[in-house]
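Shown next, in structure tokens, is the structure this report addresses.
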């Protein structure tokens, strides 16, 4: 790692530190940009990633997609190209050196626009790959990211300049052989990845309803067997496993909102059997619903 990248990482950490006075997620004046600060190692965090670029300025994080593990730190970045249910855990942080990171959400339309404008020789076909990828951070990428975060110190310039800098950031991701291929595959109309993205969107809108493979295959314009294969290539899980993670994460959110009975949360996300809901919930989160929520509230209150 060269000295300039080290300097850029240190400045980025300083900027995020200044704009995150306490632990947790911080929205910013740039709607697609979020900053994060955590003082120490935390319990696993369950969430659904939107398409986003994630950069760690200080510390390190581990993300689980299905059974696959992705580690990233200031030397690398993570990009999610589609909505993916993940398990994240901060693996390096302390009160003296807190975990500091940012997340920049983007849309497929932004990617398509850049591809059309760049006239680069990116083919119409892309090999199907994971919708989540970790790649090495470059000096050009960090330079653009720094200019975006610096805009938080001058709000009046954000409306005019932030869209231009975000476009540049996405351009540098597309220039990266690994990160670019991961994003581009979903921007190619009619590609396997683009059709799987439609299925992912459909499941996210209808996760509480029974999953019918023939219906999903129709959405994707694929055979059920082809859909199952390509869906797993992108998400590292089957459509049923994907739906289950969405259901259980939403049930956990409902329980935190004081839904009176765990079974009611299960019914709301599509479970017909309270015992099945409790069993699958405990398998994912480590404890039965009410015990897990009690422990989670206690940890959040610390």
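In the UniProt record's numbering, the protein residues as written are 1 to 302. Ideal Cβ positions, reconstructed from N, Cα and C, are used throughout, including at glycine. In this text the structure is predicted, and so the values were computed from the model without any measurement.
Apart from the five residues just before and just after residue 245, which ones in its own chain have a Cβ nearer than 6 angstroms to its Cβ?
Within the same chain, 85 come within 6 angstroms of residue 245 by CB-CB distance, once the 5 residues on both sides are set aside.
Inter-stretch contact (C-beta, 8 angstroms, three-pair minimum) for the stretch 67–76 and the stretch 130–147:
The stretch 67–76 and the stretch 130–147 touch, with no fewer than 3 CB-CB distances between them shorter than 8 angstroms.
For residue 118, count neighbouring Cβ atoms within 10 angstroms of its own Cβ and tell me buried if that reaches 16, exposed if not.
By the 10 Å Cβ count, residue 118 comes out exposed.
I'd like the span of the beta strand (DSSP E) that includes residue 89, first residue to last.
Segment 84–92, the beta strand (DSSP E) holding residue 89.
Quick test of your reading: residue 195 and residue 213, contact by CB under 8 angstroms. State the CB separation rounded to the nearest angstrom.
About 14 angstroms; that fails the 8 angstroms criterion.
Own chain, CB closer than 6 angstroms to residue 7, minus 5 neighbours either side, in chain order
If the five residues before and after residue 7 are omitted, its C-beta is found closer than 6 angstroms to no C-beta atom of its own chain.
Taking DSSP as the reference, what is the three-state secondary structure of residue 123?
Low local confidence applies: a pLDDT of 49 at residue 123 is under 50, so the model's placement there is unreliable, and no value is given.
Hey, would you say residue 172 sits closer than 8 angstroms to residue 144, going by beta carbons?
Cβ distance < 8 angstroms, so residue 172 and residue 144 count as in contact.
Leaving out the 5 sequence neighbours to the left and right, which residues in its chain are closer than 7 angstroms to residue 107 when beta-carbon positions are compared?
The residues are 51.
Let me confirm a value: residue 97 is counted as buried when at least 16 other C-beta atoms fall within 10 Å, else exposed. Which label applies?
Exposed: under 16 other Cβ atoms inside 10 Å.
Please work out which residues of its chain come closer than 6 angstroms, Cβ to Cβ, to residue 5, disregarding the five sequence neighbours upstream and downstream, and give them in chain order.
Apart from the 5 residues on each side of it in sequence, residue 5 sits with its Cβ closer than 6 angstroms to the Cβ of 139 in its chain, given in chain order.
Relative to the C-alpha of residue 131, which candidate in 297, 236, 44, 22 has its C-alpha closest?
Between residue 131 and the set 297, 236, 44, 22, the nearest pair of CA atoms involves 236.
Separation of residue 247 from residue 263, as counted between CA atoms:
Cα-Cα distance, rounded: 13 angstroms.
Could you tell me the distance, in whole angstroms, from the CA atom of residue 276 to the CA atom of residue 289?
Cα to Cα, the separation comes out at about 12 angstroms.
Could you tell me which of 284, 299, 298 sits nearest to residue 67, measuring between CA atoms?
Between residue 67 and the set 284, 299, 298, the nearest pair of CA atoms involves 284.
So what does DSSP say about residue 269, is it helix, strand or coil?
The answer is coil: DSSP assigns residue 269 none of H, G, I, E or B.
Distance check for residue 225 and residue 11, CA to CA, integer angstroms please.
Here the C-alpha atom of residue 11 lies approximately 49 angstroms from the C-alpha atom of residue 225.
Simplified DSSP assignment, three categories, for residue 231:
DSSP places residue 231 in helix when its eight states are reduced to three.
Inter-residue Cα distance where the pair is residue 28 and residue 152
Each residue's Cα considered, the two are about 7 angstroms apart.
Considering just the uninterrupted stretch of the alpha helix (DSSP H) at residue 218, what are its terminal residues?
In this chain, the alpha helix (DSSP H) harbouring residue 218 covers 213–220.
Residue 56 by DSSP, collapsed to three states: which one?
Correct three-state label for residue 56: strand.
Which listed residue (208, 95, 292) has its alpha carbon closest to that of residue 22:
Distances from the CA of residue 22 to each of 208, 95, 292 were compared; the closest alpha carbon is that of 95.
Tell me whether the beta-carbon of residue 199 lies closer than 8 angstroms to the beta-carbon of residue 216.
Contact flag set, yes.
Could you say which of 286, 71, 191 lies nearest to residue 129 if we only look at CA atoms?
Closest in C-alpha terms to residue 129, from the list 286, 71, 191, comes 191.
Please go through the same chain and pick out, in chain order, the residues whose beta-carbon is closer than 6 angstroms to the beta-carbon of residue 141, but skip the five residues on each side of it.
Closer than 6 angstroms at the Cβ level, and outside the excluded window around residue 141, lie 172.
Can you grab the Cα-Cα spacing for the pair residue 165 / residue 179, in whole Å?
If you take the alpha carbons of residue 165 and residue 179, they lie about 18 angstroms apart.
Among the residues of its own chain, which have a CB less than 7 angstroms from the CB of residue 219, if the five just before and after it don't count?
The answer, listed in chain order, is 198, 199, 202.
Residue range of the alpha helix (DSSP H) that residue 248 falls in?
It spans 239–256 - the alpha helix (DSSP H) in which residue 248 sits, taken as one unbroken run.
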